[in-house]
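All remarks here apply to the structure that follows.
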Amino acid sequence: MPKPLFLLLVLACTAGMAWGQEYKPINYFGISYLQLHSSRTAGPDYSPNGIMARLGFMMGDNLGLELQTGLSQTRGNFELNSVTAAYLYAGFPYERLHLFTLAGMARTDVDSAGKSEISENFSFGFGVRWRVAANLDIGLEGMNYAERSTYQVNAFNIGFVKHF
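Under this note's numbering, the sequence shown has 232 at position 154, and the numbering climbs by one with no breaks.
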């Protein structure tokens, strides 16, 4: 595991233990459809599909840690082999809606114009979840996984989150 992701995980676990007496955590997992876009080298029509899996650990009503991993199909001369990320999750509930933001580190494995590049970068995103049942949410989010001088890896995700 990359050093920044490990440090983020340790920080989140430490904070969770400190607040563990006051709050019963609500953990979750989810699967999202991934639509990538905005790659400069792949052209404006670059929009391959993919899948994103997530696992979340809430430390309170509004703060948590989310881990994501995903991959996409090949299209043209640009391919996202995989993305792995760890985020601090900040949410703002309002009745059945839950607005949130994610900020952390992402590791991307990209093949661009015949060259393979693995990079670790700051990553962020915003989204909304709608609670359709007591332990099931449907969510939409926009994410920025990587931004380099030659390409960007941005995504629009739609999927579900199941609380356990």
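Even for Gly, the Cβ is constructed at its ideal location relative to N, Cα and C.
- Rounded to the nearest angstrom, the Cβ distance from Leu-175 to Ser-150 is 29 Å, too far for a contact under 8 Å.
- It is roughly 17 Å from the alpha-carbon of Val-231 to the alpha-carbon of Gly-205.
- With contacts defined by Cβ atoms closer than 8 Å, Leu-166 and Leu-143 form a contacting pair.
- Ile-196: member of the beta strand (DSSP E) spanning 193-211, first to last residue.
- Under the 10 Å beta carbon count, Asp-139 is surrounded by fewer than 16 other beta carbons and is classified as exposed.
- Annotation for Asn-105: Phe-135 and Phe-242 place their beta carbon closer than 6 Å to its own, counting only its chain and skipping 5 residues before and after.
- Val-161 sits close to Thr-147, with the two beta carbons spaced by under 8 Å.
- Counting C-beta atoms within 10 angstroms of its own C-beta, Val-188 has 16 or more neighbours from the protein chains shown and is therefore classed as buried.
- In the structure shown, the three-state DSSP call for Ser-227 is coil.
- Residues Asp-187 of the same chain have their beta carbon placed closer than 6 Å to that of Ile-196, with the five preceding and five following residues left out of the count.
- Residue burial annotation: Ala-191 is exposed, with fewer than 16 other C-beta atoms found within 10 angstroms of its C-beta.
- Counted as a single uninterrupted DSSP element, the beta strand (DSSP E) harbouring Met-183 occupies residues 175-190.
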